[in-house]
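In what follows, a single structure is set out as structure tokens and then discussed.
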Amino acid sequence: MRGKLIVAIAIVLVLGTVSYLAFFRTVTKKYDYRFDQISKGDITTTVTATGNINAVISVDVGTQVSGIISRLYADFNSIVKEGQVIAQIDSTFLVQAVHDAEASLARARAQLADNKRALDREKVLVEKKLDMQINLDAALTTYESNDAARKQAEASLERAKINLAYSTIYAPIDGVIINRQVNVGQTVAASFSSPTLYTIVNDLRKMQVLATIGEVDIGGISVGQQATFTVDAYPDETFTGTVSQIRLAPVTVQNVVSYTVVIDVNNDRLKLMPGMTANVKVLVATVSDVLRVPNMALRFQPSGDLIDSTGTVSSNGRRFSQATGDSGGSAHDSGRLGRGWPGRSRQQDSASGVPDSTVSIAQRALRPAGETKFGIIQSFPEFEKLTDRSATGRARVWVVSSTGKLKAKPVKTGITDGKYTEVTSPDLKPGDQIVMGVINSSVSTTNQTRSPLTGGSQQRGMGGGPR
2 MRGKLIVAIA IVLVLGTVSY LAFFRTVTKK YDYRFDQISK GDITTTVTAT
52 GNINAVISVD VGTQVSGIIS RLYADFNSIV KEGQVIAQID STFLVQAVHD
102 AEASLARARA QLADNKRALD REKVLVEKKL DMQINLDAAL TTYESNDAAR
152 KQAEASLERA KINLAYSTIY APIDGVIINR QVNVGQTVAA SFSSPTLYTI
202 VNDLRKMQVL ATIGEVDIGG ISVGQQATFT VDAYPDETFT GTVSQIRLAP
252 VTVQNVVSYT VVIDVNNDRL KLMPGMTANV KVLVATVSDV LRVPNMALRF
302 QPSGDLIDST GTVSSNGRRF SQATGDSGGS AHDSGRLGRG WPGRSRQQDS
352 ASGVPDSTVS IAQRALRPAG ETKFGIIQSF PEFEKLTDRS ATGRARVWVV
402 SSTGKLKAKP VKTGITDGKY TEVTSPDLKP GDQIVMGVIN SSVSTTNQTR
452 SPLTGGSQQR GMGGGPR
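According to the working numbering, the sequence shown is numbered sequentially starting from 2.
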């Protein structure tokens, strides 16, 4: 009997221990926050791209007639002037073609003269009624036909002379020859397309970079912005230029759309050569001595049980949500950088005392329309878009409240350099601690209980918030 009692007591103890572990013992999580400070400093926004260096004006000199190259009067790196003879095509057959055309014209003129005499005789005979009118009409038709043949022979002679003139190749512009594709004795055929003899660039002291910029970044580019770039030939030297044109034609490669941006470069030292690859940085906007926070702090979104649920009531009677960081707005919109504050303009922000510290780099006047160079219109003001990089976004950062939980602080965001973002807020100042993320560590305890029917919430660490 006593043994049964001991067994029963043991069973009760085991069941009690299991029940305790199942229903009363819990594991809580202790959280350590990762902090960073709000600082003041400069932020510069740039767009990176790659491109190739080219001359501003480049002309491929070809030939309109076929033949053998008999003379070359220019070579690689030769400096030439407009109208200077740079090549000569053998003109033996072209001269003979001129002689043939002259002979044909002489024959047509002789035939026309004979027809004129015959027509005059027929006119006299018809006037004296010694011949019929039909013969006069036939003589007149013959004369008119031979007159047309004479004009055709004159046109053939003119064409032969033009072809003979084309056998001498002249430089179309002042410049430097950077490429020669023919040699003396080589035969060129101009039957289907004009073969290229030389490539002439106008001035190597004025170059341009044709940079390829994707559609994601093209919205921040505007004419007049400053750009810097490096080339592999001079890795330790930085060159500068100015955006002069944003070409409207899209370039699509494997469903990726990009646009060509032209950057004018001064090449007085002649270091830059056509065809070099340039690694470009376009300065989009810059601000100085502004409040800035790490981008990671703006992307951080804590879980619900870490947020201080104590709300505040604003002056207009609307409840302010700490979970979203706005008053009645969309939580989806409030966490995104670069979204506009609804119902507000830059003028209203200035009037309310919010400083607009964004400095636009593209402060310039548009060039007058109709400016030409080498017969090409260089400026189209109606297509030179202006870019406004003002601070129009909203987001939130998180600080630790007096209860130990997190409290949202709404901020107005400006430009970003990928690491820091400009912010404006009356509640924040340099040196304030903001939360970057959460690090948790599990700690066992027996002083807390929970219902087995209620699931615990899981905690999230760094990141995870809306971008």
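For glycine and all other residues, C-beta sits at the position ideal for the given N, C-alpha and C.
query: Can you check whether the CB of Gln89 is closer than 8 Å to the CB of Thr188?
result: In the sequence shown, the residue the question calls residue 188 occupies position 187. In the sequence shown, the residue the question calls residue 89 occupies position 88. No, the pair does not count as a contact, with Cβ atoms beyond the cut-off.
query: Can Leu205 and Asn268 be called in contact, C-beta distance under 8 Å?
result: By one-based count along the sequence shown, residue 205 stands at place 204. By one-based count along the sequence shown, residue 268 stands at place 267. It is a contact, given that the beta carbons lie within the stated cut-off.
task: Less than 8 Å between the CB atoms is what I'm expecting for Asn184 and Ile70, so what's the real figure, rounded?
output: What you label residue 184 is simply residue 183 of the sequence shown in a count that begins at 1. What you label residue 70 is simply residue 69 of the sequence shown in a count that begins at 1. Correct: roughly 7 Å between the Cβ atoms.
query: How is the alpha helix (DSSP H) around Gln112 delimited, first residue to last?
result: For this step, residue 112 is matched to residue 111 along the sequence shown. DSSP places Gln112 inside the alpha helix (DSSP H), whose first and last residues are 93–128.
- prompt: By DSSP, does Gln255 sit in helix, in strand, or in coil?
  reply: Your numbering for residue 255 matches position 254 in the sequence shown. The answer is coil: DSSP assigns Gln255 none of H, G, I, E or B.
query: Straight-line CA distance for Ile308 to Thr18?
result: By one-based count along the sequence shown, residue 308 stands at place 307. By one-based count along the sequence shown, residue 18 stands at place 17. C-alpha separation (whole angstroms): 35 Å.
message: Just to confirm my understanding: we take Lys282, look at its own chain, exclude 5 residues before and 5 after, and list those with CB closer than 6 Å. What are they?
response: To locate residue 282, count along the sequence shown from 1; it is residue 281. Closer than 6 Å at the Cβ level, and outside the excluded window around Lys282, lie Thr47, Thr49, Thr229.
field: Through-space distance from Thr404 to Ile39, alpha-carbon basis
entry: Counting from one through the sequence shown, the residue named residue 39 turns up at place 38. Counting from one through the sequence shown, the residue named residue 404 turns up at place 403. Rounded to whole angstroms, Ile39 to Thr404 spans 22 Å at the Cα level.
query: So what does DSSP say about Ile12, is it helix, strand or coil?
result: In the sequence shown, the residue the question calls residue 12 occupies position 11. Reduced to three states, the DSSP call for Ile12 is helix.
- prompt: Should Gln255 be labelled buried (16 or more other beta-carbon atoms within 10 Å of its own) or exposed?
  reply: Counted from its first residue, the sequence shown places residue 255 at position 254. Gln255 should be labelled exposed.
message: So, under 8 Å CB-CB, Val202 and Gln226 are touching, yes? Tell me the CB distance rounded to an integer number of Å.
response: Translated into the one-based positions of the sequence shown, residue 202 becomes position 201. Translated into the one-based positions of the sequence shown, residue 226 becomes position 225. Not a contact, Cβ separation roughly 26 Å.
- prompt: Which residues bound the beta strand (DSSP E) around Ser59?
  reply: As a position in the sequence shown, residue 59 is number 58, starting the count at 1. It spans 59–63 - the beta strand (DSSP E) in which Ser59 sits, taken as one unbroken run.
Cutoff 6 Å; reference Gln246; Cβ partners in own chain excluding five residues on either side: Stepping through the sequence shown from its first residue, residue 246 is reached at position 245. Counting only Cβ-Cβ distances below 6 Å, and skipping sequence neighbours, we find Val263.
field: Residue burial classification, Gly186 (beta-carbon count within 10 angstroms, cutoff 16)
entry: One-based indexing of the sequence shown puts residue 186 at position 185. The residue in question, Gly186, is exposed, as its Cβ has fewer than 16 Cβ neighbours within 10 Å.
- request: Output the distance between the C-alpha atoms of Tyr235 and Thr197, rounded to the nearest integer angstrom.
  value: Counting from one through the sequence shown, the residue named residue 235 turns up at place 234. Counting from one through the sequence shown, the residue named residue 197 turns up at place 196. Tyr235 and Thr197: Cα-Cα distance of roughly 32 Å.
For Asp148, the three-state DSSP class (helix, strand or coil): Taking the first residue of the sequence shown as position 1, residue 148 is located at position 147. Three-state DSSP puts Asp148 in a helix.
- request: Please say whether Met277 and Val57 have beta carbons closer to each other than 8 Å?
  value: Position 56 of the sequence shown, counted from the start, is the residue given in the question as residue 57. Position 276 of the sequence shown, counted from the start, is the residue given in the question as residue 277. Against a cut-off of 8 Å, the Cβ pair of Met277 and Val57 comes out as no contact.
message: Would Arg424 and Trp399 be called neighbours here (beta carbons separated by less than 8 Å)?
response: Here residue 424 refers to the residue found at position 423 of the sequence shown. Here residue 399 refers to the residue found at position 398 of the sequence shown. First, the amino acid is wrong: residue 424 is Val here, not Arg. Val424 places its beta carbon 8 Å or farther from that of Trp399.
- request: Please classify Arg300: does DSSP put it in a helix, a strand, or coil?
  value: Working through the sequence shown from its first residue, we reach residue 300 at position 299. Note: Arg300 maps to helix in three-state DSSP.
message: Can you find the residues in the same chain that come closer than 6 Å, C-beta to C-beta, to Ile219, ignoring five residues on each side of it along the sequence?
response: Walking along the sequence shown from the start, residue 219 turns up at place 218. For Ile219, the CB contacts under 6 Å within the same chain, skipping 5 residues up- and downstream, are Tyr260 in chain order.
Simplified DSSP assignment, three categories, for Gln226: Sequence index remark: in the sequence shown, residue 226 carries index 225 (1-based). Correct three-state label for Gln226: coil.
query: Who are the Cβ neighbours of Ser194 in its own chain at under 7 Å, not counting the five residues just before and after it?
result: Here residue 194 is taken as the residue at index 193 of the sequence shown, counted from 1. So the list is empty, once near-sequence residues are dropped.
- prompt: By Cβ distance, which residues of its chain are closer than 7 Å to Leu211, with the 5 residues on each side in sequence left out?
  reply: One-based indexing of the sequence shown puts residue 211 at position 210. These residues qualify, in order along the chain: Gly52, Asn53, Asn55, Thr261, Val263.
message: By the DSSP assignment, the beta strand (DSSP E) with Gln182 in it spans what residues?
response: As a first step, residue 182 must be located in the sequence shown, where it is residue number 181. Segment: none, Gln182 is in no beta strand (DSSP E) and carries neither H nor E.
message: Checking the sheet assignment: what are the DSSP bridge partners for Gly305?
response: Taking the first residue of the sequence shown as position 1, residue 305 is located at position 304. For Gly305, which the question treats as bridged, DSSP gives no partner whatsoever.
- prompt: Which residues in the same chain as Thr231 place their Cβ atom closer than 8 Å to its Cβ, once the five residues preceding and following it in sequence are excluded?
  reply: Translated into the one-based positions of the sequence shown, residue 231 becomes position 230. Excluding sequence neighbours, Thr231 sits near Glu238, Thr239, Phe240, Ala279, Asn280.
Assumed close pair Thr414, Ile44 - CB separation to whole angstroms, cut-off 8 Å: Start at 1 with the first residue of the sequence shown, and residue 414 comes out as number 413. Start at 1 with the first residue of the sequence shown, and residue 44 comes out as number 43. About 11 Å; that fails the 8 Å criterion.
- prompt: Which whole-angstrom value is the C-beta distance of Ser158 and Ser92, which I expect to be below 8 Å?
  reply: Residue 158 sits at position 157 when you count from the first residue of the sequence shown. Residue 92 sits at position 91 when you count from the first residue of the sequence shown. The identity of residue 158 in the sequence shown is Leu, whereas the question assumes Ser. Not really, about 16 Å apart at Cβ, beyond 8 Å.
message: Just list the residues that DSSP pairs Asn53 with in beta bridges.
response: Counted from its first residue, the sequence shown places residue 53 at position 52. Under DSSP, Asn53 shares a beta bridge with Leu211, Thr278.
message: Considering only the alpha carbon of each residue, which of Lys410, Thr143, Tyr421 lies closest to Pro427?
response: The sequence position of residue 427 within the sequence shown is 426, counting from 1. The residue with the shortest Cα to Cα distance from Pro427 is Lys410.
message: Considering just the uninterrupted stretch of the beta strand (DSSP E) at Gly415, what are its terminal residues?
response: As a working note, residue 415 is residue 414 in the sequence shown. Run containing Gly415: 407–417, per the beta strand (DSSP E) assignment.
- prompt: Secondary structure at Ala250, three-state DSSP: helix, strand or coil?
  reply: As a first step, residue 250 must be located in the sequence shown, where it is residue number 249. In the structure shown, Ala250 sits in a strand (DSSP, three-state: E or B).
task: For Asp218, write down the residues that DSSP places opposite it in a beta bridge.
output: Against the sequence shown, residue 218 aligns to sequence position 217. Asp218 is not bridged to any residue.
task: Note the first and the last residue of the continuous beta strand (DSSP E) segment covering Ile201.
output: The residue you call residue 201 lines up with position 200 of the sequence shown. Taken as a continuous stretch (DSSP letters only), the beta strand (DSSP E) holding Ile201 covers 197–202.
query: In three-state DSSP terms, what is Tyr167?
result: The count along the sequence shown starts at 1 and reaches residue 167 at position 166. Helix at Tyr167.
- prompt: In whole angstroms, what separates the C-alpha of Ala102 from that of Gln153?
  reply: Within the sequence shown, numbered from 1, the residue matching residue 102 stands at position 101. Within the sequence shown, numbered from 1, the residue matching residue 153 stands at position 152. So the two alpha carbons sit approximately 10 Å from each other.
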